[in-house]
Amino acid sequence: MTIDYQTLKNWPFPPLEHRYTARDAVLYSLGLGYGTDPLDPRDLPFVYDSDAKDLRVSPTFANVLGYPGFWAKHPGTGIDWVKLLHGEQTLRLHHPLPREATVIGQSRVAKIVDKGPGKGALVLIERTITDKASGVLLATVEQLNFCRGDGGYSASGQPSDEPIPTPPPLPERAPDDVCDLVTRPESALIYRLSGDDNPIHVDPEAARNAGFERPILHGLATYGVAGRAVVRVACDNRPERLAMLYTRFSAPVYPGETIRTEMWRDGGTVWFRSRALERDVMVLNNGRAELR
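Taking the working numbering, the leading residue of the sequence shown gets 12, the next gets one more, and so forth.
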């Protein structure tokens, strides 16, 4: 099979109702490594859900709300899902996430770009997260998938959307801030409880079959750790100050590794990249955060 532009562009995503509690928000934060040092006062507000405390919800928690699952695996999409890679992620926070809520996630295919035969295709999925009770738009999530096996589909005359702009390069000077955050060896086992149960993150055999020496951390968990670093260093640990977070995925992280996030400040913008410190491998690149 191959991509059919009209079928994919009009993929029937149903609105998904997602009820979450403070406990779910805490579980997500634990999956990002909050509380690794239980005496660190910077982490406690994200993992202590007593009514007497001001629980802070990690802004990247929005990425797992109203998630439609691995829909690209459906044979009707025409996507060669085995060759699909998660390329980029953008999160826009319109309002701080409540400590508990019922939200509606509505996804759509926003763009399909043919890069040419043997070069793959890009599929951009947009999801809005809306508070059910008030109708307030809380967040917009954009996930860019690189479909390595689907380039050249437009040769038959099908449309191809406008190219997706290449992000600007990072500053060439030394970073203004560096934040090292340790991931737990069992972090993927915790993070999967927030909704991504792909076995390559927990099953050694599945990971080896996918070409990894052992289970890898979820890409969105790595993204969340970088967001945690930005919030800690550039937002005074106040999640409501983060308005947007974008990055490109460049390599996987193995649970237990230290993620070093290097940041450059430019007014209300923070540029960043992250590396797995023990292997000196860049895992996120071209990152950009916008602050309130």
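Think of the CB as a built atom: it goes at the ideal place given N, C-alpha and C, for glycine as much as any other residue.
- According to DSSP, residue pairing for V242 in a beta bridge does not occur.
- Under the DSSP assignment, Q17 falls in the alpha helix (DSSP H) whose first and last residues are Y16 to K20.
- At a Cβ-Cβ threshold of 8 angstroms, A199 and P263 do not count as neighbours.
- By the C-beta density criterion, T113 is exposed, having fewer than 16 other C-beta atoms within 10 angstroms.
- With fewer than 16 other beta carbons inside 10 angstroms of its own, F81 counts as exposed.
- Of the candidates L295, R203, Y202 and L149, L295 places its Cα closest to the Cα of F283.
- S61 carries a coil assignment under DSSP once its states are collapsed to helix, strand and coil.
- Taking a contact as a CB-CB distance under 8 angstroms, the pair G162 and R138 does not count as one, their CB atoms being some 25 angstroms apart.
- The way I'd put it, the segment 53-60 doesn't touch the segment 85-92; fewer than three beta-carbon pairs between them come closer than 8 angstroms.
- A contact is defined here as three or more CB-CB pairs under 8 angstroms, and the segment 148-168 meets this definition with respect to the segment 96-109.
- The DSSP-derived three-state label of F72 is helix.
- For K122, the secondary structure class from DSSP, reduced to helix, strand or coil, is strand.
- Setting aside the 5 residues that flank it on each side, P174 is surrounded in the same chain by V124, each with a C-beta closer than 7 angstroms to its C-beta; the list follows chain order.
- Our two residues, R225 and A218, have alpha carbons roughly 6 angstroms apart in a direct line.
- Bridge partners of R138 according to DSSP: S118 and V152.
- For the 8 angstroms CB-CB criterion, V75 and G206 form a contact.
- P170 and Y16 have their alpha carbons spaced roughly 7 angstroms apart.
- Non-local C-beta neighbours of P178 in its own chain, meaning closer than 6 angstroms and more than five positions away in sequence, comprise N297, ordered along the chain.
- Secondary structure of T47 (DSSP, three-state): coil.
- By alpha-carbon distance to D277, the top candidate from G131, D188 and R286 is D188.
- The residues A132, L133 and G162, in chain order, have a CB closer than 8 angstroms to that of K126 in the same chain once the five nearest residues on each side in sequence are set aside.
- Annotation: the continuous beta strand (DSSP E) that includes L256 extends over L253 to F260.
- Going by beta carbons, C158 and L204 fall outside the 8 angstroms limit.
- The Cβ atoms of A237 and L302 do not sit closer than 8 angstroms to each other.
- With a threshold of 16 other beta carbon atoms within 10 Å, E28 falls short and is exposed.
- Under the 10 Å beta carbon count, A36 is surrounded by 16 or more other beta carbons and is classified as buried.
- For the 8 angstroms CB-CB criterion, D51 and R34 do not form a contact.
- E28 is bridged by DSSP to I115.
- DSSP lists M274 and G298 as the bridge partner or partners of F283.
- In its chain, beyond the 5 residues on either side, L192, V193, T194, R195, S198 and V236 have a beta carbon closer than 7 angstroms to the beta carbon of G44.
- Pairing P79 with P25, the inter-Cα distance amounts to about 8 angstroms.
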